[in-house]
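Enquirer: Under the working numbering, the sequence shown has 331 at position 317, and the numbering climbs by one with no breaks. Here a beta-carbon is modelled for each residue, glycine too, at the ideal position from N, C-alpha and C. The structure under discussion is supplied below as structure tokens; questions concerning it will follow.
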Amino acid sequence: MSLSVGDQQLIARLRSASLSVEDLGSMSKWIEGNTAHPKDSDKPWSFKDHEFQIQIVDDPVNVLGAMKCSQVGVSELMARWAFAYLCKFHRTTAIYTLPTTGQVRKFSPGRLDPIIEGSPYLQTMIDEGVNNSELKKIGDSFLYIAGTFTQKGAISVPARVLVNDEVDFSDPVTMTSFLSRLGHEADGGIRRLFSTPTVEGVGISKFMATSSRARYGVKHKACGKWVFPIFLRDVEIPGFEDHIDQFTKEDLADPRYRPKESLIRCPGCGAEITPENFADVEARQWVAESPDAEEHGYYVAPQDCPSFKATPKVIQKLSEYRRFADWVNFDVGDVFEDAENSFLEKAIDASPRSQIGHRVQGCIMGVDVGKMSNIVVGKPAGRRRIDVVHLERFKASASDTLLDRITQLHEEFGVIKGVIDAGPDLATPPGYVEWAEMGEAYACYYSRGMKVTSLSHIHVNDAEGIVTAARTESIDRLAKLVNSSSIGFPISAEMKAVKDHLRAMKRVKSYNAHGDEVINWQNTGPDHYAHALNYMNIAYDLLDDKFAGEQATPVLPMMGKVGIKQVEGVNLMGKKRRAYAH
Numbered sequence: 015m016s017l018s019v020g021d022q023q024l025i026a027r028l029r030s031a032s033l034s035v036e037d038l039g040s041m042s043k044w045i046e047g048n049t050a051h052p053k054d055s056d057k058p059w060s061f062k063d064h065e066f067q068i069q070i071v072d073d074p075v076n077v078l079g080a081m082k083c084s085q086v087g088v089s090e091l092m093a094r095w096a097f098a099y100l101c102k103f104h105r106t107t108a109i110y111t112l113p114t115t116g117q118v119r120k121f122s123p124g125r126l127d128p129i130i131e132g133s134p135y136l137q138t139m140i141d142e143g144v145n146n147s148e149l150k151k152i153g154d155s156f157l158y159i160a161g162t163f164t165q166k167g168a169i170s171v172p173a174r175v176l177v178n179d180e181v182d183f184s185d186p187v188t189m190t191s192f193l194s195r196l197g198h199e200a201d202g203g204i205r206r207l208f209s210t211p212t213v214e215g216v217g218i219s220k221f222m223a224t225s226s227r228a229r230y231g232v233k234h235k236a237c238g239k240w241v242f243p244i245f246l247r248d249v250e251i252p253g254f255e256d257h258i259d260q261f262t263k264e265d266l267a268d269p270r271y272r273p274k275e276s277l278i279r280c281p282g283c284g285a286e287i288t289p290e291n292f293a294d295v296e297a298r299q300w301v302a303e304s305p306d307a308e309e310h311g312y313y314v315a316p317q318d319c320p321s322f323k324a325t326p327k328v329i330q331k332l333s334e335y336r337r338f339a340d341w342v343n344f345d346v347g348d349v350f351e352d353a354e355n356s357f358l359e360k361a362i363d364a365s366p367r368s369q370i371g372h373r374v375q376g377c378i379m380g381v382d383v384g385k386m387s388n389i390v391v392g393k394p395a396g397r398r399r400i401d402v403v404h405l406e407r408f409k410a411s412a413s414d415t416l417l418d419r420i421t422q423l424h425e426e427f428g429v430i431k432g433v434i435d436a437g438p439d440l441a442t443p444p445g446y447v448e449w450a451e452m453g454e455a456y457a458c459y460y461s462r463g464m465k466v467t468s469l470s471h472i473h474v475n476d477a478e479g480i481v482t483a484a485r486t487e488s489i490d491r492l493a494k495l496v497n498s499s500s501i502g503f504p505i506s507a508e509m510k511a512v513k514d515h516l517r518a519m520k521r522v523k524s525y526n527a528h529g530d531e532v533i534n535w536q537n538t539g540p541d542h543y544a545h546a547l548n549y550m551n552i553a554y555d556l557l558d559d560k561f562a563g564e565q566a567t568p569v570l571p572m573m574g575k576v577g578i579k580q581v582e583g584v585n586l587m588g589k590k591r592r593a594y595a596h
């Protein structure tokens, strides 16, 4: 006698009620026993040629992440893991996130529904009355699928499980909101996050830095040692003598090089590790760099899936990318920094040394305001070149205000253009603007949505002393100057902080609510000197007549003059206006 659907669901719930947390360690068995091969529903799911996935899916730790290359089946795997969890643990809510709602609409019918259709067990568990692209009911559990770049933001539903797909391309603010949905769980809930990486310190790379950092080691048959190859370090293209980061897609057609014979050499003995050696499951093992870490992280590299990511094939894929960095991120699965997405320390070190403390005139100044304000003074030294002559971190007090300090520096260096952060201090920026001659000082607002033309990334309101700058484009311009060694930096104890703050800025791709690609600079740590330098560079741009007299509405409410008036050269703050001819 066959059981009704209701009876089958009841049995499944009773079975789920008896499960303990240790059952997280048998998820691979559930997936093999209850889901079908993605390309042939008549065959059961198999981990063949993807054996590296087994430990990832069976790891019972609460928080687990994977930094991966593309096309190794991790998204497919984690979708099945989510179904397994909801079937094994009843009355559970899981949230599965992707960067955009457009991706959600494709992911659900293209990835989730075929898993259900290929599984007789899931078909008995799914509630067809609650089965759409954003919500699925499995038995008495629920799976929400949501984008991070939406008008509504994170859904307000408590959850036990959070799965984050493509972390680096998701909205970090909404991601934090989703993470708070696990707040009602005594143990913090279950989280799985994975992504192709972008730059160091952002997204999945940031997670990996404090995780267990496991790599899929290989026992090299030639030397008998367990080794851990890193693709960019150990790959070799016969005939090409330089490091791989110097190889371009144009080099693929160079007859001197043989990319179709590319190989990976053992970091121990230097001999080739053959594809057959990589494919031998008995010669592979996950090993963690920090095994005692509470959160487990896995690096998934091309050589971990050799049947689908053969080394010559990965090298040939370079032809499909405009930027080398994108190839590294997606096909190699590693972070990569270049002049387009980072401030390069080697360019800073290569820049000519400027003379700090040398009291020159006709300078420009940038001020980033905070509890500890950062001040940079530079001297224009020709077309698109600036020599930094003063670096300072300043903490204001009742007797020594920020306005006192910047007006003093303005005098000492004969500042002809000064730009100060318009917030969060609502008194100092307008005070500085009032103190200076008209056209000498501006309060700056960043804009993330300002229309940018080929002629202008800043809008100026001289009457109010306001400049509005397109945030991404203005920092792009600063990066070009720094990375071309066009800004001369001084020999100064402050340079360590300058380098740290610039290193913290990373240019990353994400998406908006419409699914359009958006570029933003994100900080991975303190970044105050970076913004002070940017304000200084905006001051340099203001020397160009093409920006004069433009009108713009500030992004934030305009501060106004905070009641400061001019009376015969003295303002009500008691600061005497200087008479400086320029």
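Does the region 373 to 393 come within contact of the region 552 to 559, defined as at least 3 CB pairs closer than 8 Å?
Expert: The region 373 to 393, when compared against the region 552 to 559, does touch it at the 8 Å Cβ threshold.
Enquirer: Where does E36 sit, in a helix, a strand or coil, going by DSSP?
Expert: Since pLDDT at E36 reaches only 42, below the 50 mark, its modelled position is unreliable, and the value read off the structure follows with that caveat. Of the three classes helix, strand and coil, the one that applies to E36 here is helix, per DSSP.
Enquirer: Could you pull out every residue in the same chain whose Cβ sits closer than 8 Å to the Cβ of E303, ignoring the five residues on either side in sequence?
Expert: Leaving aside the five residues that flank E303 on each side, the residues in its chain whose CB is nearer than 8 Å to its CB run, in chain order, S226, R227, A228 and R229.
Enquirer: Which residue's Cα is closest to the Cα of R105: D63, R125, I130 and G153?
Expert: G153
Enquirer: With contact counted as at least three CB pairs below 8 Å, one residue from each stretch, are the region 388 to 397 and the region 446 to 456 in contact?
Expert: The region 388 to 397 makes no contact with the region 446 to 456; the number of CB pairs closer than 8 Å stays below 3.
Enquirer: Given 8 Å as the limit, is there contact between the region 352 to 363 and the region 395 to 406, that is, 3 or more CB pairs closer than that?
Expert: Judged by Cβ distances under 8 Å, the region 352 to 363 makes no contact with the region 395 to 406, as fewer than three pairs qualify.
Enquirer: For a test of the three-state rule: what should DSSP assign to E250, helix, strand or coil?
Expert: Three-state DSSP puts E250 in a strand.
Enquirer: State the DSSP-derived secondary structure class of A361, mapped to helix, strand or coil.
Expert: helix
Enquirer: Run through the region 178 to 247 for me and flag every whole alpha helix (DSSP H) of 4 or more residues, listed as ranges in chain order.
Expert: 186 to 193 and 218 to 223
Enquirer: Which residues bound the beta strand (DSSP E) around H310?
Expert: H310 to V314
Enquirer: Measuring CB to CB, does K501 end up less than 7 Å from L495?
Expert: It should be noted that the sequence gives Ile, not Lys, for residue 501. Yes.
Enquirer: Do you know how far the Cα of S133 is from the Cα of G47?
Expert: 9 Å
Enquirer: Would you call the CB atoms of P281 and D248 closer than 7 Å?
Expert: Cβ distance < 7 Å, so P281 and D248 count as in contact.
Enquirer: As an exercise, report each continuous beta strand (DSSP E) stretch of at least 3 residues that is fully enclosed by the region 350 to 437, in chain order.
Expert: 378 to 382, 387 to 394, 400 to 408 and 431 to 435
Enquirer: Tell me which residues share the same chain as S365 and place their Cβ nearer than 7 Å to its Cβ, disregarding the 5 neighbours each side in the sequence.
Expert: S499, I501, G502 and F503
Enquirer: Is the distance from the Cβ of Y460 to the Cβ of A441 below 7 Å?
Expert: no
Enquirer: Mapping the DSSP letters down to three states, classify A566 as helix, strand or coil.
Expert: Residue placement at A566 cannot be trusted, given a pLDDT of 33 that sits under 50; what the coordinates show is reported in the next sentence. Looking at A566 - three-state DSSP - the assignment turns out to be coil, as it is neither helix nor strand.
Enquirer: For V241, which residues from the same chain have a beta carbon less than 7 Å from its beta carbon, with the 5 sequence-adjacent residues on both sides left out?
Expert: G231, V232, H234, C280, P281 and G282
Enquirer: Starting from the C-beta of G453, find all residues in its chain whose C-beta is less than 7 Å away, skip the five residues before and the five after it, and write them out in chain order.
Expert: D476
Enquirer: With distances taken Cα to Cα, identify the nearest neighbour of G463 among D182, H473 and Y456.
Expert: H473
Enquirer: So, with DSSP's three-state summary, where would you put V171?
Expert: coil
Enquirer: Taking contact to mean at least 3 C-beta pairs separated by less than 8 Å, is the region 115 to 130 in contact with the region 185 to 199?
Expert: no
Enquirer: When the Cα of G116 is compared with those of L557, Y525, D558 and T538, which residue comes out closest?
Expert: Y525
Enquirer: May I have the straight-line CA-CA distance separating N146 from F254, to the nearest angstrom?
Expert: 52 Å
Enquirer: Between L418 and N548, what straight-line distance do the alpha-carbon atoms span, to the nearest angstrom?
Expert: Looking at the sequence provided, one finds Asp at residue 418 rather than Leu. Taking the straight line joining both Cα atoms gives about 22 Å.
Enquirer: Write down the C-beta distance between W274 and P326 rounded to the nearest angstrom, noting that I regard them as a contact closer than 8 Å.
Expert: First, the residue type needs correcting, since residue 274 is Lys and not Trp in the sequence shown. The pair is a contact, with the Cβ atoms about 5 Å apart (cut-off 8 Å).
Enquirer: Determine the closest residue to H528 out of G161, S122, F61 and R517, with distance taken between C-alpha atoms.
Expert: G161
Enquirer: What's the gap between the Cα of E508 and the Cα of D345?
Expert: 39 Å
Enquirer: Taking 7 Å as the threshold (C-beta atoms), are D72 and S42 in contact?
Expert: Yes, the pair counts as a contact, with Cβ atoms nearer than the cut-off.
Enquirer: Do A297 and F208 have their beta-carbon atoms positioned less than 7 Å apart in this structure?
Expert: No, the Cβ-Cβ distance between F208 and A297 is not below 7 Å.
Enquirer: From this set, T49, L492 and A285, which residue's C-alpha is nearest E131's C-alpha?
Expert: With distances taken between Cα atoms, E131 lies closest to T49.
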